[in-house]
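Student: For what it's worth, our numbering labels the leading residue of the sequence shown as 10, then goes sequentially.
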Amino acid sequence: MTNTDETIANNLAELRAHIHRAARGAGRDPSQITLIAVSKTQDEAAIEEAIAAGQKDFAENRVQEAQSKWPVLKARYPDVKLHLIGPLQTNKLDDALALFDVIHTLDRPRLAEKLAQYATLPPLFVQVNTGEESQKSGIPPREADDFIASCRTRSLAPVGLMCIPPLHEEPSLHFALLAQIAKRNDLVQLSMGMSGDFETAIALGATHIRVGTAIFGTRAG
Ligand SMILES: *Cc1c(COP(=O)(O)O)cnc(C)c1O
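#1: Are the segment 56-73 and the segment 83-91 touching, with three or more C-beta to C-beta distances below 8 angstroms?
#2: Pairs of beta-carbons, one from the segment 74-87 and one from the segment 43-58, closer than 8 angstroms: are there three or more?
#3: Does the separation of the CB atoms of I17 and F225 fall below 9 angstroms?
#4: Going straight from the alpha carbon of L196 to that of V168, what length do you get?
#5: Once the 5 residues before and after G140 are set aside, which same chain residues still bring their CB inside 7 angstroms of it?
#6: Helix or strand or just coil, what does DSSP make of D195?
#7: Would you mind giving the Cβ-Cβ distance between R37 and I211, rounded to the nearest angstrom? I have them listed as a contact below 8 angstroms.
#8: Work out the CA separation of L108 and A84 for me, nearest whole Å.
#9: How long is the line joining the alpha carbons of L130 and A166, rounded to whole angstroms?
#10: Considering only heavy atoms of ligand 1, does any lie closer than 8 angstroms to the CB of T222?
#11: Restricting to runs no shorter than 4 residues, where is the alpha helix (DSSP H) found entirely within the segment 27-64?
#12: In or out: A158 buried (at least 16 other Cβ within 10 Å) or exposed?
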C-alpha cells in the first residue's frame with residue numbers, strides 16, 4: 010500500500026485529535042503525551058512529509074537502517090528527535106549513541122554494564138518483557154525492581170519503562186503491570202501503546218506512544 014503525502018499529514022492530524030480525546034477522557038493533559046512516529050521501513054520522502062506536518066519525534070528499531078537514513082535528515086532538521094525502539098547490540102553502541110536521542114530498549118544487565126562506561130548518555134527506558142515471551146527481549150517483571158536498582162548503582166538513571174505486549178493478549182493488563190512497576194520504582198515515564206492500542210495505553214498512563222501504521226500506512230515488509 011502506498012501513501013500520498015497528503016495521507017500522512019491527514020493521518021497525523023487525525024491521530025493528534027484521537028490522542029487529545031483519549032487524554033481528556035482519562036483526565037490527563039494531552040501535552041504530557043509524546044507521539045513518536047515509527048518510521049522503520051519508511052523512506053526519506055515519507056519521513057519528510059511527516060516532518061512538514063509538524064512531527065518532531067521519530068523512532069527506528071534497527072540501528073543499521075537508522076544509520077542509512079537519519080544522519081542526513083538530522084542535519085537537515087536539527088530539532089527532530091530520534092528514538093531507538095529495537096534491540097541494541099553492545100558492538101553498535103558508539104554508532105547508536107551518536108545518532109539516537111532517546112533509547113527505549115535497555116533490556117539486559119550486559120547492556121547496562123556497557124552503557125555505564127559512557128560519560129554522557131541519552132534518556133534511557135528499561136524494556137520490561139511483561140508477557141515473559143522467550144522471543145522478546147526485556148527484563149522479566151519479577152526482576153525489574155532489582156534491575157532498576159542495579160542501574161542506579163551504576164549511575165545509570167532510567168527515566169521510565171517500555172513494553173511491547175504480546176500480539177494476541179489484552180494489552181491493558183500489560184500496560185497496567187508496566188505502570189505498577191514504574192510507580193513503585195519512582196519512574197514517571199511510560200513508553201507504551203502502538204497503532205492498535207494507544208488509546209488504552211493513554212488511559213493507563215502512557216507518556217510516549219509509538220505509532221507507525223496509523224501514520225504511514227501498512228508496512229511492506
Ligand atoms: C513497529 C513498532 C511500533 C509501531 O507499531 P504500529 O503497529 O505500526 O504502530 C511500536 N513499537 C515498536 C517497538 C515497534 O517495533
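Glycine included, each C-beta is placed from N, C-alpha and C at the ideal position.
Tutor: Working from what's here:
#1: yes
#2: yes
#3: yes
#4: 6 angstroms
#5: P174, P175, E178 and H183
#6: coil
#7: 7 angstroms
#8: 11 angstroms
#9: 10 angstroms
#10: yes
#11: 53-61
#12: exposed
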